[in-house]
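Working notes, structure below.
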Amino acid sequence: MQLNRRRIYFIGILVLAAAWIFVSVDRDGTSTAGLIPAPQAGFLAPDFTLETTAGESITLSDLRGQVVLVNFWATWCPPCKAEMPAFEQAYLDYADQGFVLLAVNAIQQDSVPAIDSFRADNGLSFPILLDTDSKVSRAYQVQSLPTSFFVGKDGVISEVVIGGPMAEALIRARIEELINK
Amino acid sequence: MLPIIQLGPLSLQAPGLFLLISLWIGITLAEKNAPRYKLSADHTSSLIMVALIAGVLGGRIAYVAQNPAAFAGNLGSVVSLNPGLFDMAGALVAALIGAAVYGQRKSLPLLPTLDVLVPFFGMLAIGYGLMNFASGNAFGAETNLPWGIELWGAKRHPTQVYEVFAALVTLNLLYPAKTDAKSPGLNFAIFVAITAGYRLFLEAFRGDSTLIFGGIRAAQLAMFVLLAAALWGVDWLKNKRETSC
Chain X
11 MQLNRRRIYF IGILVLAAAW IFVSVDRDGT STAGLIPAPQ AGFLAPDFTL
61 ETTAGESITL SDLRGQVVLV NFWATWCPPC KAEMPAFEQA YLDYADQGFV
111 LLAVNAIQQD SVPAIDSFRA DNGLSFPILL DTDSKVSRAY QVQSLPTSFF
161 VGKDGVISEV VIGGPMAEAL IRARIEELIN K
Chain C
5 MLPIIQLGPL SLQAPGLFLL ISLWIGITLA EKNAPRYKLS ADHTSSLIMV
55 ALIAGVLGGR IAYVAQNPAA FAGNLGSVVS LNPGLFDMAG ALVAALIGAA
105 VYGQRKSLPL LPTLDVLVPF FGMLAIGYGL MNFASGNAFG AETNLPWGIE
155 LWGAKRHPTQ VYEVFAALVT LNLLYPAKTD AKSPGLNFAI FVAITAGYRL
205 FLEAFRGDST LIFGGIRAAQ LAMFVLLAAA LWGVDWLKNK RETSC
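For the protein sequence lines, the chains are X and C, in the order given.
For the first sequence, the working numbering gives the first residue as 11, with consecutive numbering after it.
For the second sequence, the working numbering gives the first residue as 5, with consecutive numbering after it.
Here it is, written out as structure tokens:
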């Protein structure tokens with residue numbers, strides 16, 4: 011009797027669970043991920059327009075259809091500097107497959123001469139953008155340097171990497187994954 | 005959301021810190037739980053450590069095996085500290101194999117050992133919820149409820165808080181164990197049933213669910229299967245105990 015009562019109780023739990031699954035079916039897609047901009051994986055990468063050190067203007071949304079790595083960095087930040095050679099190598103290897111690297115410099119805590127000197131010393135060829143009023147850093151809620159955002163061809167952030175330096179294998183694996191998507 | 009804790013010049017990654025703290029408390033609680041089931045506290049902590057080390061190594065090896073091209077010419081990356089170079093499924097399989105090998109070598113009985121590990125798994129569930137709270141992952145669907153939180157451009161269900169609360173209640177219910185130590189495996193089966201139950205319930209409030217078959221949440225289906233298996237386990241263990249009395 012006790013056995014039967016227990017089994018009826020357990021079956022009741024499973025029936026309730028099944029009912030809850032059907033009640034909570036997401037027919038309309040309640041998730042706003044991918045629809046609104048936010049600095050989180052699954053959301054649209056917040057758009058921005060910034061100037062490079064050479065004075066060229068770059069807008070993130072113009073790069074739709076390409077894989078973008080947005081990296082926040084500064085010349086005084088050792089892990090930022092340590093990952094730059096790996097970024098450069100990845101940029102050289104994947105640029106012709108539709109990969110763009112945007113190195114956004116927190117210029118309020120840095121200087122253009124220091125950036126130019128660092129670029130020359132390390133032979134960096136990817137665009138370095140100047141976040142002169144820190145608006146972009148705020149939009150991306152950057153709390154620590156380096157912070158990197160891998161953005162897919164659809165403009166949606168696929169991964170956020172806080173801290174560094176990133177291993178070259180990680181950079182390559184993520185870029186290849188997004189290029190082949 | 006608090007991904008970074010700034011201590012002077014030191015930036016601590018809060019999600020990793022929460023996970024480490026929960027692992028440490030979980031191991032301590034499991035060690036304290038061991039004598040109740042006549043198991044050695046040392047064997048319990050060693051079992052967890054072996055599983056963790058095997059999991060870390062297995063997760064990295066599986067990732068390298070799946071992405072050989074990324075490591076070609078960057079062999080140094082194989083031992084890099086980046087947690088992103090990690091395959092979770094490979095880690096779980098390796099952790100299970102590591103734990104099974106250690107358990108067999110030390111002749112640890114399976115069901116009492118699983119009971120001993122309940123507070124460890126309970127703390128892991130709490131740590132996982134805190135990790136998500138710190139990183140903003142596993143976020144909720146939009147809501148107008150007064151306890152909704154502003155996250156990722158909308159007012160959302162604080163699903164991470166729900167999960168931590170549910171995991172805390174579960175741990176409080178099952179540790180110290182109220183079940184008879186003479187019913188080995190029962191406490192673990194109840195833990196799995198409750199955990200699967202609250203995950204199935206709370207998934208409905210998530211804003212990042214993977215949807216299948218016209219909007220059914222995949223995680224709910226997985227939890228339903230786990231719940232059914234756990235309830236079957238509870239029934240089988242209780243039946244075994246009743247017939248042996």
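Heads up, the beta-carbon is just placed ideally off N, CA and C, and yes, glycines get one too.
As the structure is a prediction and not an experimental result, all values here were calculated from the model.
Residue-chain proximity (residue i, chain B), Cβ-Cβ < 8 Å
| i | result |
| --- | --- |
| Asn-148 (chain C) | In the structure shown, chain B cannot be found, because the protein chains are X and C. |
With 16 other Cβ atoms within 10 Å as the buried cut-off, status of residue i
| i | result |
| --- | --- |
| Met-11 (chain X) | Caution applies to Met-11 (chain X), whose pLDDT of 47 falls short of 50 and renders its modelled position unreliable; the value that the coordinates give is listed next. Exposed. |
| Ile-117 (chain X) | buried |
| Met-127 (chain C) | buried |
| Ile-172 (chain X) | buried |
| Gln-224 (chain C) | buried |
| Asn-14 (chain X) | exposed |
| Leu-6 (chain C) | exposed |
| Asn-148 (chain C) | exposed |
| Thr-163 (chain C) | buried |
| Glu-66 (chain X) | exposed |
| Asn-71 (chain C) | buried |
| Leu-79 (chain X) | buried |
| Gln-50 (chain X) | buried |
| Pro-56 (chain X) | buried |
C-alpha gap between residue i and residue j, whole angstroms
| i | j | result |
| --- | --- | --- |
| Lys-186 (chain C) | Phe-169 (chain C) | 30 Å |
| Pro-123 (chain X) | Ile-101 (chain C) | 55 Å |
| Phe-136 (chain X) | Met-53 (chain C) | 44 Å |
| Pro-116 (chain C) | Ala-193 (chain C) | 11 Å |
| Ala-106 (chain C) | Leu-51 (chain C) | Rather than Ala, the amino acid found at residue 106 (chain C) in this sequence is Tyr. C-alpha separation (whole angstroms): 6 Å. |
| Ala-149 (chain X) | Gly-201 (chain C) | 38 Å |
| Thr-174 (chain C) | Ile-198 (chain C) | 7 Å |
| Asp-212 (chain C) | Ser-144 (chain X) | 30 Å |
| Pro-113 (chain C) | Leu-241 (chain C) | 15 Å |
| Asp-119 (chain C) | Arg-109 (chain C) | 19 Å |
| Ala-103 (chain C) | Phe-22 (chain C) | 23 Å |
| Gly-52 (chain X) | Leu-177 (chain C) | 36 Å |
| Ala-222 (chain C) | Leu-215 (chain C) | 6 Å |
| Phe-134 (chain C) | Pro-19 (chain C) | Looking at the sequence shown, residue 134 (chain C) is not Phe but Leu. So the two alpha carbons sit approximately 7 Å from each other. |
| Glu-167 (chain C) | Arg-64 (chain C) | 28 Å |
| Ala-179 (chain X) | Phe-82 (chain X) | 19 Å |
| Leu-235 (chain C) | Lys-244 (chain C) | 14 Å |
| Glu-98 (chain X) | Leu-24 (chain X) | 55 Å |
| Ile-18 (chain X) | Asp-239 (chain C) | 11 Å |
| Glu-246 (chain C) | Glu-169 (chain X) | 52 Å |
| Ala-38 (chain C) | Val-166 (chain X) | 48 Å |
| Phe-75 (chain C) | Gln-76 (chain X) | 23 Å |
Cutoff 8 Å: residue i Cβ touching any chain C Cβ
| i | result |
| --- | --- |
| Ala-177 (chain X) | yes |
| Phe-20 (chain X) | yes |
| Ala-84 (chain X) | no |
| Leu-188 (chain X) | no |
| Ser-144 (chain X) | no |
| Ala-31 (chain X) | The residue you asked about is not Ala; residue 31 (chain X) is Ile in the sequence shown. Yes, its Cβ sits closer than 8 Å to a Cβ of chain C. |
| Arg-148 (chain X) | no |
| Val-34 (chain X) | According to the sequence provided, residue 34 (chain X) is Ser. The question's Val does not apply to it. True, the Cβ-Cβ gap to chain C drops below 8 Å. |
| Pro-95 (chain X) | no |
| Met-11 (chain X) | Residue placement at Met-11 (chain X) is poorly supported in this model, since its pLDDT is 47, which falls under 50; the coordinates still yield a value, given next. Not closer than 8 Å to any Cβ of chain C, the Cβ of Met-11 (chain X) fails to qualify, so no. |
| Ser-168 (chain X) | no |
| Pro-137 (chain X) | no |
| Gly-165 (chain X) | no |
| Ser-154 (chain X) | yes |
| Pro-88 (chain X) | no |
Cβ of residue i within 8 Å of any chain X Cβ
| i | result |
| --- | --- |
| Asn-78 (chain C) | yes |
| Gly-152 (chain C) | no |
| Pro-7 (chain C) | yes |
| Trp-156 (chain C) | yes |
| Gln-224 (chain C) | yes |
| Gly-4 (chain C) | Summary: the structure shown does not reach residue 4 (chain C), with chain C confined to residues 5 through 249, and so no result is reported for it. |
| Leu-215 (chain C) | yes |
| Gly-237 (chain C) | no |
| Phe-205 (chain C) | yes |
| Lys-242 (chain C) | yes |
| Asp-212 (chain C) | yes |
| Phe-125 (chain C) | no |
Supposed close pair residue i, residue j - CB separation, criterion 8 Å
| i | j | result |
| --- | --- | --- |
| Ser-15 (chain C) | Ser-154 (chain X) | 5 Å |
| Ile-189 (chain X) | Ala-100 (chain X) | About 11 Å; that fails the 8 Å criterion. |
| Ala-177 (chain X) | Ser-81 (chain C) | 4 Å |
| Leu-231 (chain C) | Ala-27 (chain X) | 6 Å |
| Asp-141 (chain X) | Leu-60 (chain X) | 6 Å |
> Unbroken alpha helix (DSSP H) runs of length 4 or more, entirely within the segment 189-214 of chain C: which are they?
Replying inline: 190-206
> Enumerated in chain order, which unbroken segments of the beta strand (DSSP E) with a length of 3 residues or greater are wholly contained in the segment 108-154 of chain X?
Replying inline: 109-115 and 138-140
>> Suppose only complete runs of 4+ residues qualify. What are the alpha helix (DSSP H) ranges in the segment 157-181 of chain C, listed by chain order?
In response: 163-178
>> Just to confirm the assignment: which complete beta strand (DSSP E) runs, minimum length 3, are found wholly within the segment 59-129 of chain C?
In response: none
> If you scan the segment 22-104 of chain X from start to end, which runs of the alpha helix (DSSP H) of 4 or more residues do you find wholly inside it?
Replying inline: 88-104
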